[in-house]
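Asker:
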Amino acid sequence: GNSVTQMEGPVTLSEEAFLTINCTYTATGYPSLFWYVQYPGEGLQLLLKATKADDKGSNKGFEATYRKETTSFHLEKGSVQVSDSAVYFCALSEGSGAGSYQLTFGKGTKLSVIP
Amino acid sequence: SQTIHQWPATLVQPVGSPLSLECTVEGTSNPNLYWYRQAAGRGLQLLFYSVGIGQISSEVPQNLSASRPQDRQFILSSKKLLLSDSGFYLCAWSQDLREAFFGQGTRLTVV
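Protein chains in written order, with this note's numbering: chain C, 1 to 115; chain Y, 1001 to 1111.
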């Protein structure tokens, strides 16, 4: 079955530090890959996505590149802010038949950015 | 535009009591609907998904059930809650774009 493995947190960084959150996946076909962000007490929001190999998703200064050869989708940001403090989830989506797409999530990485 | 509503936002229920969480989607038709649970310190666990009215697939056997009485309505239920049912419950919908859109979640505490 499909699975997503992401680095475990929590991760604590100082403001303006460089961020990398590693994510690798296992899938039977050609999945789409996502990063979701969850701010305290809220649901998940899509941060960025990539639908095929070598695609780069980007949003709000975050980037991730779909690497099929290493089955990875690492999240990066050059300079984090306090407002980036949240839990980040890596996920993949693949068709499961009957028109349904299922999302498989990693366990989440909690990021805390301190001033 | 599409929106998803999930309520209540927080709920405290005694062990053995029933549960009903409701999720509705606006602005789209025939969405795929999902219920996830996020336990403290853990990732997201898919509980149920539905591709159409009356069609429910269960991912894990447990004390919960789901129903889809209308195209854009998805309900999570339990006849008797257990302590282990505590968690953060998230409803989501998706369609051909494959990405999922989440509700704001329900924090359930079983006491």
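Where a beta carbon is used, it is the ideal one built from N, C-alpha and C, also for glycine.
1. Looking at the structure shown, is VAL82 (chain C) part of a helix, part of a strand, or coil, going by DSSP?
2. Between the C-alpha atoms of THR24 (chain C) and ALA1100 (chain Y), what's the straight-line distance to the nearest angstrom?
3. Leaving aside the five residues before and after LEU103 (chain C) along the sequence, list all residues of the same chain whose C-beta is less than 8 Å from its C-beta, in chain order.
4. Of the choices Y:LYS1080, Y:VAL1110, Y:ALA1092, whose alpha-carbon is the least far from that of GLY1103 (chain Y)?
5. Just to confirm, are LEU1047 (chain Y) and PHE89 (chain C) a CB contact at a threshold of 9 Å?
6. Can you pull out the residues from the region 1075-1092 of chain Y whose beta carbon lies closer than 7 Å to at least one beta carbon of chain C?
7. What residue does the beta strand (DSSP E) around PRO1069 (chain Y) start on, and which one ends it?
8. Count the C-beta pairs between the region 1021-1031 of chain Y and the region 1071-1084 of chain Y that are closer than 8 Å, then say yes if the count reaches three, no if not.
9. Residues of chain Y with a CB under 8 Å from the CB of GLU42 (chain C): which are they?
10. For the pair the region 61-79 of chain C and the region 8-22 of chain C, tell me if three or more CB-CB distances fall below 8 Å.
Answerer: The short version:
1. If DSSP states are grouped into helix, strand and coil, VAL82 (chain C) belongs with the helices.
2. The alpha-carbon atoms of THR24 (chain C) and ALA1100 (chain Y) are separated by roughly 20 Å.
3. Cβ-Cβ distances below 8 Å link LEU103 (chain C) to PHE34, ALA91, LEU92, SER93 in the same chain, with the five nearest sequence neighbours on each side left out; the list follows chain order.
4. Scanning Y:LYS1080, Y:VAL1110, Y:ALA1092 for the CA closest to the CA of GLY1103 (chain Y) turns up Y:ALA1092.
5. With contacts defined as CB atoms closer than 9 Å, LEU1047 (chain Y) and PHE89 (chain C) fail to qualify as a contacting pair.
6. Within the region 1075-1092 of chain Y, the residues whose Cβ lies closer than 7 Å to some Cβ of chain C are LEU1090, listed in chain order.
7. 1065-1070 is the span of the beta strand (DSSP E), which, as asked, contains PRO1069 (chain Y).
8. Touching, per the Cβ criterion.
9. Chain Y residues near GLU42 (chain C): GLN1104, GLY1105.
10. Flag = yes, the region 61-79 of chain C and the region 8-22 of chain C touch.
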